[in-house]
Amino acid sequence: MIKFKCRPALHTKMVIEYCDSKGISVPDHYQNIRFLADEDKINYYTVNNILHDMEVLDNNPYFFFELEHVFRERLIPFTIKILDFNKSAALNLLDFTHYYRSISDLAWSSIVTDTSVTLVAARGSEQRASKYDDLFIYFCMTEIFKPLLNNPDDMLICLPYGRDFYSKYINVFEQVKFNHGCFSVTINKEEDDHINTECLVVKSINELERVNAAANSIPSHSLSLSTLAQLMNIAPRSLQRELKLLGSKPQHIIDNVKVNYIINKLAINKGNIKLTAYECGFTDMPTFSRFFTRTTGLSPKAYVKARMMSS
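Read in order, the letters of the sequence shown correspond to residues 0 to 310 in numbering that gives the first Met the number 0.
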């Protein structure tokens, strides 16, 4: 069975976009993620890793505060598309929890009572925890859900750890409880709120999606069966066997990820094939052309011509 925790690329892309706007150089091993779609899945831990790395590089004591404008521009539109503003805040919280549980491996659950709906985000030991996970959820609650409340007191937010854990970001939080053991958000239901039991059933991420998420997390020029298996903490032969059972092959996944990266690069480079081949790690054009033709069914020149004609 394939186990690999993943989540959408959006959150990591937001950090990369912020760094671009500030002139902060993003390390090479994150660069490939900027070319993914927001919904594409990647390694679950990448966003926390890049936030930690960039905060150190930025040398800015208020790094996360300055990310807020990027959140408003990118995270809120991504999130509110699944909400229904004709429904109460409590019912929308249930939809919000269900949606994020279906697209990522967040350790979230919903508790529904006669009077309220609660999002519960499980947390481990403080020593291994990331403050960014809590800051993300808190931001969504204050920016999206507070405006939906009839009364500000209808929402209670509890943080898993003490004040010292959040250090310089402690002033972000208003009207919260600390040392709760988990992150929870409780919103009071309205009198006519009725829960659809389908909202409590979560479609799990399938195994092929998990392998694709791992492949998306590796720079294109480094992506191979060996690096893919290493990231997934599985022996290469075991990965091959698991994918065979799923009707796929590692090379098929690797080639698709690589060619998608090339196609995005071609668009950015305005059809410059030689530049794209070089930036994608190819040392000679014949090898690049053979790979592109074998994977897409078109030569690079024919592909660029077709794209130009359709645009």
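We treat Cβ as the ideally placed atom computed from N, Cα and C, and that holds for glycine.
Quick caveat, the model's predicted, so the values are computed rather than measured.
- Only residues of its own chain outside the window of five on either side were considered, and among them I1 have a CB closer than 6 Å to the CB of E241, listed in chain order.
- Rounded to the nearest whole angstrom, the C-alpha separation of L265 and S309 is 15 Å.
- Around the beta carbon of N232, a 10 Å sphere encloses fewer than 16 other beta carbons of the protein chains shown; the residue is thus reported as exposed.
- The alpha-carbon separation between A36 and T11 amounts to approximately 11 Å.
- Of the residues assessed, F70 falls on the buried side of the cut-off, its CB having 16 or more other CB atoms within 10 angstroms.
- By a beta-carbon distance limit of 8 Å, L56 does not contact V14. Their separation comes to about 11 Å.
- When C-beta atoms of the region 212-224 are compared with those of the region 25-43, three or more pairs fall below 8 Å, so the two segments count as touching.
- Of the other Cβ atoms in all chains shown, 16 or more fall within 10 Å of the Cβ of D153; this residue is therefore buried.
- Contact between V184 and L92 holds, with the beta-carbon distance rounding to 7 Å and staying under 8 Å.
- Note on geometry: alpha-carbon atoms of R293 and H220 lie some 18 Å from one another.
- Between the C-alpha atoms of V201 and T78 there is a straight-line separation of about 17 Å.
- A distance below 8 Å separates the beta carbons of A106 and A121.
- Counting C-beta pairs with one atom in each stretch, the region 127-134 and the region 156-171 have three or more that are closer than 8 Å, which means they touch.
- In the structure shown, F287 adopts helical secondary structure according to DSSP, grouped into three states.
- Listed as beta-bridge partners of V175 by DSSP are I156.
- In this structure, the alpha-carbon of T117 lies about 24 Å from that of N170.
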